[in-house]
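These protein sequence lines map, in sequence, to chains A and B.
Be aware that the first sequence starts at 50, since it is given in our numbering, and climbs by one per residue.
Be aware that the second sequence starts at 23, since it is given in our numbering, and climbs by one per residue.
Here a beta-carbon is modelled for each residue, glycine too, at the ideal position from N, C-alpha and C.
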Amino acid sequence: MTPGSEIGWGESRKRGIFDACGVPAIALFSTMIGFGAIARESGFDIWVSFATTLSIWGMPGQIAFAELYAAGGGGLVIFTAVALANLRMLPMTVSGLPIMALDQHKYGAFRRLIVAHLLAVTGWAQLTAAQTRVPPMGILPYYLGFVAVIYVAALCGTVFGYYLSDVVPPLALRVAIFMTPLYLMLLVSSARQIGNRLAVGLGALVGPLTYPWLGDWCILAAGLGGGTVAVLIMERVRAGSGADKSP
Amino acid sequence: MSEIFQTTITDPWFLLFLAASATFVWRALGVALAGRIDPEGRVFDWVNAVAYAMVAGLMMRIILFPTGTLVDAPMMDRMISVGIAFAVWALMGRALLQGLFAGVLAFAGFTLWRAGHLPF
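So this is what it looks like as structure tokens:
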């Protein structure tokens, strides 16, 4: 037995809470300030803004929702754009849940859905770190402690951002609002796989270029068009380099 | 189903219900598929690429064709600030925080300068 492998539920959860207090909580709090400010500008009241963070819990989708609402987008464009913006929840859930040993913890469907709802990019990325911090059976309580802290930090940030325009001058608010799309742009550009970075570059071109014709449907053109072309290019490159190596 | 989408309902709670559902379906599908399919497979390569391209397209649309207070900042200021952010990000080896800091600082500088708060 490795040292610490006997630590229980409470101790694992405590470590998760401890690891979240610091950079992760500050990062979520700050980015959600941007969302709160954008939400108010879009015409949401405080309750809708709060409920958006609570029920979507994924920054790109939340921004898509607020921006398209402000632009007068209908239900179809909002549904489709949010679905595409938060599409990455699917691969994250598929790869993240097995790490938490939900079968051994005897988690039923309802609790699994709650675990999945709390999963977003920060918590998902932390699962890798969790494997070195706690024994396998401790990853679930570690994760629950971790996401509880960042979820609360994000909700506080949303409320603070909503009321930001009451406490800072309009110019400072403008800078805060500029920060959020720039942050997300840099975040997706820092993707690990080169194919995804290529997709980012293509999407960044297709979106604004098709906006004058397509309006907010340009986002879908950017996603489906840019993403598909990036995958096709990568397959060509891979096939090409494979052919070079074969005799 | 199509009536729901085509109605001109603009109630934010109804639209939030649609937006939250659009997110929750992926998580629920993930619960159903977890442990059964390979998250490194080809389908997910495509899914990820579409998600990345879509977010990039939306963020560039917000920066270049904003709807709110960013409209008051000239297009040139927004473009140069993004350019500076990416230059720093690239030069420092995809350093996210440094790039963000440089871009925001540049935009804040432009904003203050346009408002006449800088001595030049």
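Q: Output the distance between the C-alpha atoms of His166(A) and Pro96(B), rounded to the nearest integer angstrom.
A: Within the first sequence, numbered from 1, the residue matching residue 166(A) stands at position 117. Within the second sequence, numbered from 1, the residue matching residue 96(B) stands at position 74. Cα to Cα, the separation comes out at about 39 Å.
Q: Tell me whether Glu62(B) is buried or exposed, calling it buried when 16 or more other Cβ atoms sit within 10 Å of its Cβ.
A: To locate residue 62(B), count along the second sequence from 1; it is residue 40. Classification of Glu62(B): exposed, given that the 10 Å Cβ count is below 16.
Q. Looking only at C-alpha atoms, which of Val280(A), Pro73(A), Gly145(A), Ile188(A) sits nearest to Leu251(A)?
A. Stepping through the first sequence from its first residue, residue 251(A) is reached at position 202. Nearest C-alpha to Leu251(A) among Val280(A), Pro73(A), Gly145(A), Ile188(A): Val280(A).
Q | Cβ-Cβ distance between Ala132(A) and Trp35(B) below 9 Å | A | Taking the first residue of the first sequence as 1, we reach residue 132(A) at position 83. Taking the first residue of the second sequence as 1, we reach residue 35(B) at position 13. When the beta-carbon positions are compared, Ala132(A) and Trp35(B) stay at least 9 Å from each other.
Q. Residues of chain B with a CB under 7 Å from the CB of Arg137(A): which are they?
A. For this step, residue 137(A) is matched to residue 88 along the first sequence. Correct list: Asn70, Ala73.
Q: Look at the alpha carbon of Arg64(B) and the alpha carbon of Val237(A), and state the distance between them as a whole number of angstroms.
A: Against the second sequence, residue 64(B) aligns to sequence position 42. Against the first sequence, residue 237(A) aligns to sequence position 188. One C-alpha to the other measures close to 20 Å.
Q) Got a sec: is the Cβ-Cβ distance from Leu77(A) to anything in chain B below 9 Å? A) Taking the first sequence and counting its residues from 1, one reaches residue 77(A) at position 28. Not one chain B Cβ lies under 9 Å of Leu77(A).
Q) So Thr89(B) is in the alpha helix (DSSP H); what residue range does that whole segment cover? A) For this step, residue 89(B) is matched to residue 67 along the second sequence. Unbroken run through Thr89(B): none, as it is neither H nor E.
Q. Under the three-state reduction of DSSP, which class applies to Gln153(A): helix, strand or coil?
A. Here residue 153(A) refers to the residue found at position 104 when the first sequence is read from its first residue. It is coil, neither helix nor strand.
Q.
Taking 6 Å as the limit between beta carbons, can you name the residues of its chain near Pro190(A), skipping five residues before and five after?
A. Stepping through the first sequence from its first residue, residue 190(A) is reached at position 141. In its chain, beyond the 5 residues on either side, Trp58, Ser61, Arg62 have a beta carbon closer than 6 Å to the beta carbon of Pro190(A).
Q) Should Ala109(B) be flagged as near chain A, meaning a C-beta pair shorter than 9 Å? A) Taking the first residue of the second sequence as position 1, residue 109(B) is located at position 87. With 9 Å as the cut-off, Ala109(B) does not count as an interface residue toward chain A.
Q | Distance CB(Arg137(A))-CB(Leu151(A)) smaller than 9 Å | A | For the purposes of this step, residue 137(A) is taken as residue 88 along the first sequence, with counting starting at 1. For the purposes of this step, residue 151(A) is taken as residue 102 along the first sequence, with counting starting at 1. It is not a contact, given that the beta carbons lie outside the stated cut-off.
Q: Using the Cα positions of Leu146(A) and Arg58(B), report the straight-line distance between them to the nearest angstrom.
A: Taking the first sequence and counting its residues from 1, one reaches residue 146(A) at position 97. Taking the second sequence and counting its residues from 1, one reaches residue 58(B) at position 36. In this structure, the alpha-carbon of Leu146(A) lies about 11 Å from that of Arg58(B).
Q | Which of helix, strand or coil DSSP assigns to Arg136(B) | A | As a working mapping, residue 136(B) is identified with position 114 in the second sequence. Under the three-state reduction of DSSP output, Arg136(B) falls in the helix class.
Q | Where the stretch 73-91 of chain B meets chain A: residues whose CB sits under 7 Å from a CB there | A | Of all residues in the stretch 73-91 of chain B, Ala73, Tyr74, Ala75, Met76, Val77, Ala78, Gly79, Leu80, Met81, Met82, Arg83, Ile84, Ile85, Leu86, Phe87, Thr89, Gly90, Thr91 have a Cβ within less than 7 Å of some Cβ in chain A.
Q. Just how far apart, CA to CA, sit Gly276(A) and Ala253(A)?
A. Stepping through the first sequence from its first residue, residue 276(A) is reached at position 227. Stepping through the first sequence from its first residue, residue 253(A) is reached at position 204. Distance between the alpha carbons of Gly276(A) and Ala253(A): 11 Å.
**Q.** Per-residue DSSP class, three states only, for Thr32(B)
**A.** Position 10 of the second sequence, counting from 1, holds the residue named residue 32(B). Judged by DSSP in its simplified three-state form, Thr32(B) adopts coil rather than helix or strand.
(Q) Taking the alpha helix (DSSP H) that Ser103(B) belongs to, which residues open and close that run? (A) Numbered from 1 along the second sequence, position 81 holds the residue referred to as residue 103(B). In the DSSP assignment, Ser103(B) falls within the unbroken alpha helix (DSSP H) covering 97-113.
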